[in-house]
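Worksheet for the structure shown next.
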Ligand code: CA
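In this note's numbering, the protein residues as written are 1 to 648.
Printed below as a string of structure tokens:
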């Protein structure tokens, strides 16, 4: 059973005599071959080294044990086929220090593949490494000692790329582009302002979300050429359970990258920050060259009826999370990162390609470790041939305690991410008012007119920008170039103020607080480092904007009313008030969510001109955020500004 791929690479799906006539594409395949043991991959003891790989369609499997990473000197050991098509070889010695691959033969054709379960790998991840993982623990490393944190709605997420953080020449950090930059304290940049993790701590955020830190493809960043300019976000997985080598000070030492990522996490935990990992289980860098397809071709991906790969991801392939061994792989991988590294949350790239059952199984397994571990994901509605329910906004009701990005409020405030010229509410387009009001409620079912996707506020991530698409600042340069820089700055601040006062889980893109620009580059996944880095000069120049964000964060953390736990609380306590056109006004009433304040009154003026707004209740209102005049008992709020009143 061979199929020719477009580029003439022959893809083999297995000998029907081995698989009892069941095709790898059949649903029946899982019933016969799904393996539920927890021991796939490498098991190392003092006296032995055991290899186990699931390859039901293979005629023959060997393990190649190399004496080093890049050399060809190897010993070959035959593996024995066991139950469910799991091949096993146990070597009667501890092979610590060696490298290994599997050699898979299917219908007379053979391929060499890294172990998909490998946790330690050589440079560029082409071979697994046989080593003692416990040697990668920094002194005092306790993955389960975490900063206190209880509910996702209390979180403030800050999305950051490892390399962006420190690469700027004036970042003040020594370990530029490396995990170790996250261990440096006392660093300063232009104007002697704090940089690095001191800066992160000064913001008041709760979670740092790292763009991919698992091992991604050599085509994106070649770990052997780190002295040349290379940049990539890393959304092209190669080894899901291994750490990316380019962020390590020595990608040739398999333990160093693990050790250094753990040091970074340890330091962040020490200073009170939790860490979310961006995971990309929905596609791989290349379906045909990935170990998955060399070991069990046809199994790990979704195919169209003509055996062509489905492509809902727009990356050339979609993994088949609904298949038993793919689901098992994903669940075990997430749990491994949570336990071994002390990861505090996971952000699922293109979660809408996964099935609901897989996501819920991850939730159940994470809860066994720690219920405060967050799960967020991109629940877009994507075209992929998945039978059953997709893990998207439409099916939020089936995925409690899993949050999804709210593109509705993002586009509502700033204009469409895809239609570049389109404006949003704060930039002069009122058509999206409904999206913004819904986003303020946390995208819950607030009223018969306002039906968001979320059942509860802990299912909504409220955001204005992320690594994808234009930054808010760059979008403003497209949509509002005619305005002055002062007006654009006000529009930008207003967007952040709407975000930070909304229900749900706020999400800040690193540098958003100093109006990050990528010089108009809308998709900078492989742009120069200088397009992507955090510009610490700009951070210093825009210190007052950074302070504006800090004040918003303080306001949010001070008042539980902005962080209501249930949709019922929001329906009961959040009341939209009458206001002039272009003004959003609402109260958070009656000590909402246990707030010390009796009431809170929030006003966003999206007009360029002043607005006069009456107070909704007879209270002794005091300004809690913003600047405002009171004239004849009414609020006079300047254009493009936010004010928050508090009644004790
Ligand atoms: Ca890599």
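Ideal Cβ positions, reconstructed from N, Cα and C, are used throughout, including at glycine.
(request) Please state if the CB of residue 55 and the CB of residue 87 are separated by a distance shorter than 7 Å. (result) Along the chain shown, one-based indexing puts residue 87 at 87. Along the chain shown, one-based indexing puts residue 55 at 55. With a cutoff of 7 Å on beta-carbon distance, residue 87 and residue 55 are scored as near each other.
(request) Measure the CB-CB distance between residue 323 and residue 384 and report whether it falls below 7 Å. (result) On the chain shown, residue 323 is found 323 positions in, with the first residue counted as 1. On the chain shown, residue 384 is found 384 positions in, with the first residue counted as 1. Contact annotation: residue 323 and residue 384 have beta-carbon atoms that are not nearer than 7 Å.
(message) Measuring alpha carbon to alpha carbon, tell me which residue in 218, 190, 222 and 343 is nearest residue 262.
(response) Reading the chain shown from its first residue, position 262 is the one you call residue 262. Nearest option by C-alpha distance: 343.
(request) Give the C-beta separation of residue 641 and residue 605 to the nearest angstrom, bearing in mind that I take them to be a contact with Cβ-Cβ under 8 Å. (result) As a first step, residue 641 must be located in the chain shown, where it is residue number 641. As a first step, residue 605 must be located in the chain shown, where it is residue number 605. That belief holds up - the Cβ atoms of residue 641 and residue 605 are roughly 6 Å apart, short of 8 Å.
(request) Tell me, to the nearest whole angstrom, how far the beta carbon of residue 64 is from that of residue 74; I am working on the premise that it is less than 8 Å. (result) For the purposes of this step, residue 64 is identified with residue 64 of the chain shown, where counting begins at 1. For the purposes of this step, residue 74 is identified with residue 74 of the chain shown, where counting begins at 1. The pair is a contact, with the Cβ atoms about 5 Å apart (cut-off 8 Å).
(request) Within the same chain, show all residues whose beta-carbon is closer than 7 Å to that of residue 230, passing over the 5 residues directly before and after it, in chain order. (result) Reading the chain shown from its first residue, position 230 is the one you call residue 230. Closer than 7 Å at Cβ, skipping near neighbours: 221 and 222.
(message) So, under 8 Å CB-CB, residue 353 and residue 282 are touching, yes? Tell me the CB distance rounded to an integer number of Å.
(response) Along the chain shown, one-based indexing puts residue 353 at 353. Along the chain shown, one-based indexing puts residue 282 at 282. Correct: roughly 4 Å between the Cβ atoms.
(request) Identify whether residue 200 lies in helix, strand or coil by the three-state DSSP scheme. (result) Here residue 200 refers to the residue found at position 200 of the chain shown. In the structure shown, residue 200 sits in a helix (DSSP, three-state: H, G or I).
(message) Quick check: the Cα distance between residue 424 and residue 644, rounded to an integer number of angstroms?
(response) On the chain shown, residue 424 is found 424 positions in, with the first residue counted as 1. On the chain shown, residue 644 is found 644 positions in, with the first residue counted as 1. Going by C-alpha positions, residue 424 is about 22 Å away from residue 644.
(request) Check whether the segment 203-212 touches the segment 151-164, counting contact only when three or more Cβ pairs, one atom from each stretch, lie closer than 8 Å. (result) They touch, by the three-pair rule.
(message) Quick check on residue 599: does DSSP put it in helix, strand or coil?
(response) Reading the chain shown from its first residue, position 599 is the one you call residue 599. Correct three-state label for residue 599: strand.
(message) Cutting at 8 Å between CB atoms, please list the residues of its own chain near residue 523, excluding the five before and the five after it.
(response) Here the question's residue 523 lines up with position 523 in the chain shown. Take residue 523, set aside five residues on each side of it, and the residues of its chain with a beta-carbon closer than 8 Å to its own are 468 and 469, in chain order.
(request) Please indicate yes or no: does the CB of residue 219 lie closer than 6 Å to some heavy atom of ligand 1? (result) The sequence position of residue 219 within the chain shown is 219, counting from 1. Not a single heavy atom of ligand 1 lies less than 6 Å from the C-beta of residue 219.
(request) Would you give the residue range spanned by the alpha helix (DSSP H) that residue 397 belongs to? (result) Taking the chain shown and counting its residues from 1, one reaches residue 397 at position 397. No alpha helix (DSSP H) holds residue 397; DSSP gives it neither H nor E.
(message) Just to confirm, is the Cβ distance from residue 452 to residue 438 under 7 Å?
(response) Translated into the one-based positions of the chain shown, residue 452 becomes position 452. Translated into the one-based positions of the chain shown, residue 438 becomes position 438. Yes, these two residues count as a Cβ contact at 7 Å.
(message) Just to confirm the assignment, what range does the alpha helix (DSSP H) spanning residue 473 have?
(response) Within the chain shown, the letter at position 473 stands for residue 473. First-last of the alpha helix (DSSP H) with residue 473: 472-479.
(message) Check whether the segment 304-324 and the segment 348-364 touch, using three or more Cβ-Cβ pairs below 8 Å as the test.
(response) Enough Cβ pairs lie closer than 8 Å, so yes.
(request) Could you check the C-alpha separation between residue 149 and residue 406 for me, to the nearest Å? (result) Translated into positions along the chain shown, residue 149 becomes position 149. Translated into positions along the chain shown, residue 406 becomes position 406. Looking at the two C-alpha atoms, the distance is approximately 23 Å.
(request) Give the straight-line distance between the Cα atoms of residue 619 and residue 630, rounded to the nearest whole angstrom. (result) Walking along the chain shown from the start, residue 619 turns up at place 619. Walking along the chain shown from the start, residue 630 turns up at place 630. Approximately 14 Å, taken between the alpha carbons.
(message) Is residue 525 a contact residue of ligand 1, with contact defined as CB to any heavy atom under 6 Å?
(response) Translated into the one-based positions of the chain shown, residue 525 becomes position 525. If you check the C-beta of residue 525 against ligand 1, you find no heavy atom less than 6 Å away.
(request) Buried or exposed for residue 408, please, with buried defined as at least 16 other CB atoms from any protein chain shown within 10 angstroms of its CB. (result) As a working note, residue 408 is residue 408 in the chain shown. Counting every other CB atom within 10 Å of its CB across the protein chains shown gives residue 408 a total of 16 or more, marking it as buried.
(message) With a threshold of 6 Å (Cβ to nearest heavy atom), would residue 260 be considered close to ligand 1?
(response) Translated into positions along the chain shown, residue 260 becomes position 260. Not one heavy atom of ligand 1 is found less than 6 Å from the C-beta of residue 260.
(request) Please classify residue 562: does DSSP put it in a helix, a strand, or coil? (result) Numbered from its first residue, the chain shown carries residue 562 at position 562. Helix at residue 562.
(message) Could you check whether residue 637 and residue 584 sit closer than 7 Å to each other, using their CB atoms as the reference points?
(response) Locating residue 584 in the chain shown gives position 584, counting from the first residue. Locating residue 637 in the chain shown gives position 637, counting from the first residue. In this structure, residue 584 sits away from residue 637, with a CB-CB distance that is not shorter than 7 Å.
(message) Comparing C-alpha positions only, which one of 124, 304, 61 and 339 sits nearest to residue 226?
(response) Counting from 1 along the chain shown, the entry for residue 226 is found at position 226. Of the listed residues, the one whose Cα sits closest to residue 226 is 124.
(message) Below 6 Å, is the gap between the Cβ of residue 245 and the nearest heavy atom of ligand 1?
(response) As a working mapping, residue 245 is identified with position 245 in the chain shown. Yes, the beta carbon of residue 245 sits closer than 6 Å to at least one heavy atom of ligand 1.
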